[in-house]
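Its first residue numbered 412, the sequence shown is counted upward by one per residue in my numbering.
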Amino acid sequence: MSYYIELVLLAKVRKDRQRQIKAEIEHPPKYDAGGLATFVALLAMRDGGSLCFKSKGHPFWSDYDVDDEDGLLDALNAPWSDTEEIASWLAQYVIASSRIIFHSLELDGSDFCYKFDGKGKFCYMEYKPLGSWQKPLPLSISPAPVQKRKTRQKRLKDAKSSLKMIENDNPHRNP
Numbered sequence: 412m413s414y415y416i417e418l419v420l421l422a423k424v425r426k427d428r429q430r431q432i433k434a435e436i437e438h439p440p441k442y443d444a445g446g447l448a449t450f451v452a453l454l455a456m457r458d459g460g461s462l463c464f465k466s467k468g469h470p471f472w473s474d475y476d477v478d479d480e481d482g483l484l485d486a487l488n489a490p491w492s493d494t495e496e497i498a499s500w501l502a503q504y505v506i507a508s509s510r511i512i513f514h515s516l517e518l519d520g521s522d523f524c525y526k527f528d529g530k531g532k533f534c535y536m537e538y539k540p541l542g543s544w545q546k547p548l549p550l551s552i553s554p555a556p557v558q559k560r561k562t563r564q565k566r567l568k569d570a571k572s573s574l575k576m577i578e579n580d581n582p583h584r585n586p
């Protein structure tokens, strides 16, 4: 069963595989309701070899903005299924450190990704909490204390007392 998942593509195609993946993207397999064929049919490749999704011609949506230059998306919300099959297919094309991230849009909160080694292998990774829920800490940055402004009378009084001190300390003063 598939449900809506946001798929974020952070993958770049190896230079020696760009021609091959371009051919597969241009002639994708038939639609298969969220599996590998759907993934390939929605793929596009930017000039630098980064993979992305087409923004038009399908019923899915994205919370990401469409790139103004090429009209492509880095993430797409769709009923993805067969995520491991997608990762397995992608592993043969992408460079090391590429990844695809899946964020569930359902209440289960499932988040996971596949990371690639650039040699045809991939690793499944899950995002799990490592601790218990905590209350937020108070902000350590507090605003500067507000200093009261001296009244005109107080400023004049301070100025007069300063002058008296200067006069008393002046040894050349005439008594």
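Positions of the beta carbon are idealized from the N, C-alpha and C atoms, including for glycine.
To the nearest angstrom, how far is the alpha carbon of residue i from that of residue j?
i, j, result
"residue 447", "residue 416", "14 Å"
"residue 527", "residue 467", "28 Å"
"residue 433", "residue 534", "24 Å"
"residue 550", "residue 542", "21 Å"
"residue 482", "residue 530", "30 Å"
"residue 548", "residue 452", "47 Å"
"residue 540", "residue 491", "24 Å"
"residue 473", "residue 545", "31 Å"
"residue 440", "residue 538", "31 Å"
"residue 431", "residue 469", "24 Å"
"residue 525", "residue 498", "7 Å"
"residue 479", "residue 465", "13 Å"
"residue 428", "residue 438", "16 Å"
"residue 484", "residue 477", "5 Å"
"residue 573", "residue 562", "17 Å"
"residue 461", "residue 426", "11 Å"
"residue 463", "residue 519", "26 Å"
"residue 488", "residue 459", "24 Å"
"residue 494", "residue 457", "23 Å"
"residue 513", "residue 532", "18 Å"
"residue 511", "residue 523", "9 Å"
Could you give the C-beta distance for residue i and residue j, rounded to a whole number, given that I count them as a contact under 8 Å?
i, j, result
"residue 421", "residue 515", "Rounded, the Cβ-Cβ distance is 18 Å, inconsistent with contact."
"residue 424", "residue 505", "6 Å"
What does the Cβ neighbour count give for residue i, buried or exposed, with the cut at 16 atoms within 10 Å?
i, result
"residue 449", "buried"
"residue 567", "exposed"
"residue 507", "exposed"
"residue 454", "buried"
"residue 502", "buried"
Does residue i get closer than 7 Å to chain B when you measure Cβ to Cβ?
i, result
"residue 486", "The structure shown has no chain B; it contains just one protein chain."
Who are the Cβ neighbours of residue i in its own chain at under 6 Å, not counting the five residues just before and after it?
i, result
"residue 486", "417, 419, 473, 475"
"residue 521", "515"
"residue 517", "414"
Using C-beta distances below 8 Å, list every residue in its chain close to residue i, excluding the 5 sequence neighbours before and after it, in chain order.
i, result
"residue 435", "451"
Residues in its own chain within less than 7 Å of residue i by CB, not counting five upstream and five downstream?
i, result
"residue 500", "447"
"residue 471", "487, 488, 489"
"residue 496", "446, 447"
For residue i, is the beta carbon positioned less than 6 Å from some heavy atom of the ligand MN?
i, result
"residue 507", "Only the bare structure without any ligand can be found here, which leaves the ligand MN out of the picture."
### Task
May I have a chain-ordered list of the alpha helix (DSSP H) segments no shorter than 4 residues that lie completely inside the stretch 434-461?
447-453
### Query
Curious, which full-length alpha helix (DSSP H) runs of at least 4 residues does the stretch 471-502 contain?
494-502
### Message
Ignoring anything shorter than 3 residues, give me the beta strand (DSSP E) runs that lie fully in the stretch 500-549, in order along the chain.
### Response
510-515, 522-527, 533-537
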